[in-house]
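The structure under discussion appears below in the form of structure tokens.
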Amino acid sequence: MNSSNGLNDDWDGNNLATRYDETMSIAQQRHRDDIRRIERERKDLFEQQKQEIQTIRNEQQTLKDKLEQSKTRNTILSNEIKTLREQLKTSLDKSKHDDELVAVLLKQQQQMKITQEQLQKDLDMKIKINTELEQANKLDQMKQTNMSKQLQLVLDQKETKIRELEMHLDENKIE
Numbered sequence: 046m047n048s049s050n051g052l053n054d055d056w057d058g059n060n061l062a063t064r065y066d067e068t069m070s071i072a073q074q075r076h077r078d079d080i081r082r083i084e085r086e087r088k089d090l091f092e093q094q095k096q097e098i099q100t101i102r103n104e105q106q107t108l109k110d111k112l113e114q115s116k117t118r119n120t121i122l123s124n125e126i127k128t129l130r131e132q133l134k135t136s137l138d139k140s141k142h143d144d145e146l147v148a149v150l151l152k153q154q155q156q157m158k159i160t161q162e163q164l165q166k167d168l169d170m171k172i173k174i175n176t177e178l179e180q181a182n183k184l185d186q187m188k189q190t191n192m193s194k195q196l197q198l199v200l201d202q203k204e205t206k207i208r209e210l211e212m213h214l215d216e217n218k219i220e
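As numbered in the numbering used here, residues 46 to 220 make up the sequence shown, in order.
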């Protein structure tokens with residue numbers, strides 16, 4: 046038995062060693078597979094992180110570009126606002142001067158209207174005086190014409206009387 050038992054023991058020892066080797070080999074294979082899987086996962090993770098970093102860099106560059114564009118746009122808009130403020134100030138100053146000019150022109154217009162009204166009153170007064178003078182002149186002319194006629198009539202009468210008297214005197218001289 047001993048010998049059969051020893052054989053069995055040998056067989057069991059060999060078998061165990063083989064089994065141990067197989068188990069070790071399977072375990073090593075699993076470890077290798079795990080290591081490869083971990084390396085692959087790490088590599089994939091590294092590639093993924095690398096892509097994420099590139100994406101983030103691209104986004105960062107895009108944001109930098111947008112920031113620069115925004116700064117440029119803000120500068121342009123600030124300049125436009127400055128220009129518009131200057132134009133508005135100029136327009137307000139011009140409007141103020143225009144208002145002052147309009148006020149002066151309205152005042153002048155009012156003064157001219159008053160002057161025109163005064164001149165019209167003076168003209169109306171002169172026309173009235175002129176009309177009255179013309180009527181007075183016509184009346185004087187009529188009076189003078191009448192007086193001339195009356196004087197002419199008196200003169201004619203006196204001449205007639207003088208002739209009569211001269212004739213009468215001539216008649217008396219002859220007699």
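Here a beta-carbon is modelled for each residue, glycine too, at the ideal position from N, C-alpha and C. Nothing here was measured: the structure is a model prediction, and the numbers come from that model.
Within 10 angstroms of its Cβ, does residue i collect 16 or more other Cβ (buried), or is it exposed?
| i | result |
| --- | --- |
| Asn53 | Unreliable positioning characterises Asn53 in this predicted model, as indicated by a pLDDT of 49, which lies under 50. A coordinate reading is not provided. |
| Thr128 | exposed |
In angstroms, rounded to a whole number, what distance separates the CA positions of residue i and residue j?
| i | j | result |
| --- | --- | --- |
| Gln114 | Arg102 | 18 Å |
| Glu162 | Thr176 | 20 Å |
| Ile80 | Glu92 | 18 Å |
| Gln202 | Leu164 | 54 Å |
| Thr117 | Gln105 | 18 Å |
| Ile126 | Lys88 | 55 Å |
| Arg85 | Asp78 | 10 Å |
| Gln73 | Leu112 | 56 Å |
| Thr160 | Ile174 | 20 Å |
| Lys183 | Gln154 | 42 Å |
| Lys141 | Lys152 | 16 Å |
| Ser193 | Met187 | 9 Å |
| Leu137 | Asp143 | 9 Å |
My parser needs the alpha helix (DSSP H) runs of 4 or more residues fully inside the stretch 89–137; what are they? none
Within the stretch 136–174, ranges of the alpha helix (DSSP H) (whole runs, at least 4 residues): none
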